[in-house]
Amino acid sequence: MYVPAKFQMEGAETMLAFMRQHGFAVVVSVSEGRPVATHLPLTVKVEGEQVLLRGHFAKANPQWRDIEGQEVLAVFNGPHAYVSPRHYDALESVPTWNYLAVHAYGRARVIRDPEANQELLYELIDAHEPGYWQRWEGLSQRYREGMLRGIVGFELRVTRLEGKAKLSQNKSAAERQRIAAALSASPDPVARLTGEEMARREAEQALGEAKGARG
Numbered sequence: 251m252y253v254p255a256k257f258q259m260e261g262a263e264t265m266l267a268f269m270r271q272h273g274f275a276v277v278v279s280v281s282e283g284r285p286v287a288t289h290l291p292l293t294v295k296v297e298g299e300q301v302l303l304r305g306h307f308a309k310a311n312p313q314w315r316d317i318e319g320q321e322v323l324a325v326f327n328g329p330h331a332y333v334s335p336r337h338y339d340a341l342e343s344v345p346t347w348n349y350l351a352v353h354a355y356g357r358a359r360v361i362r363d364p365e366a367n368q369e370l371l372y373e374l375i376d377a378h379e380p381g382y383w384q385r386w387e388g389l390s391q392r393y394r395e396g397m398l399r400g401i402v403g404f405e406l407r408v409t410r411l412e413g414k415a416k417l418s419q420n421k422s423a424a425e426r427q428r429i430a431a432a433l434s435a436s437p438d439p440v441a442r443l444t445g446e447e448m449a450r451r452e453a454e455q456a457l458g459e460a461k462g463a464r465g
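Residue numbers (my numbering): 251 to 465.
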């Protein structure tokens, strides 16, 4: 991912938190020389220095058959919004798009063991609907085993993380504040989230500068 210095998402912890918050990712690999992709929910685990991304494909999805040992890319997307040049001071300005994203690269391992696949499913339930546990346990064993036979788990051992938060950092404070206010008032809920993230960062920066001025 092209990440100019001004737009770098700072720190592994920030990127991990972002991945957990926006856990519905695009998993990209190569099959027969061509890129293939599947949209999947992933869980994020940290074991010492190692970050693990875990999820499962539908068994009928052929993508899982070729990922073993590949370097696979998982793309995590956050809020995004069109930015009009009318918010800029200079007349000769062009439209752009603000957005947040993390790219995680890792070596893939297919998980074929039924018990391990069940553990992956439990992780997703814990992450998204812990209250579903009671209902799951109430389903027949035959049904649960059938569902587990229909999935193939996988794990990515992350080797590289790239995070980008393109939020008009290359513009003046006044321009950023105008953009944040306009997006926060947008009828588009995704644009509003982008504006709110910009406003949050502006507030944090102002607080940091105030603390610095006090010594």
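No residue lacks a Cβ here, since even glycine has one placed at the ideal position from N, Cα and C.
For residue 275, the beta-bridge partners assigned by DSSP are 290. Here the C-alpha atom of residue 273 lies approximately 7 Å from the C-alpha atom of residue 326. Within a 10 Å sphere around the beta-carbon of residue 332 sit fewer than 16 other beta-carbons, which makes this residue exposed. Residue 453 and residue 392 have their C-alpha atoms some 54 Å from each other. A straight-line Cα-Cα distance of about 14 Å links residue 345 and residue 426. If you check the CB distance, residue 257 and residue 414 come in under 7 Å. Residue burial is scored here from C-beta neighbours: residue 304 has at least 16 other C-beta atoms within 10 angstroms and is therefore classed as buried. With respect to residue 276, residue 289 sits close: the two C-beta atoms are nearer than 7 Å. Three or more Cβ pairs closer than 8 Å define a contact, and the stretch 386-402 falls short of that threshold against the stretch 431-451. Exposure of residue 341 is indicated by the presence of fewer than 16 other C-beta atoms within 10 angstroms of its C-beta.
One alpha carbon belongs to residue 264, the other to residue 451, and they sit about 13 Å apart.
For residue 252 and residue 395, the gap between their C-alpha atoms comes out near 44 Å. Exposed is the label assigned to residue 310, since fewer than 16 other Cβ atoms lie within 10 Å of its Cβ. With fewer than 16 other beta carbons inside 10 angstroms of its own, residue 347 counts as exposed. With respect to the C-alpha of residue 314, the residue from 297, 287 and 336 having the closest C-alpha is 287. The alpha helix (DSSP H) runs of length 4 or more contained entirely in the stretch 353-403 are, from start to end of the chain, 364-378, 382-388 and 391-399.
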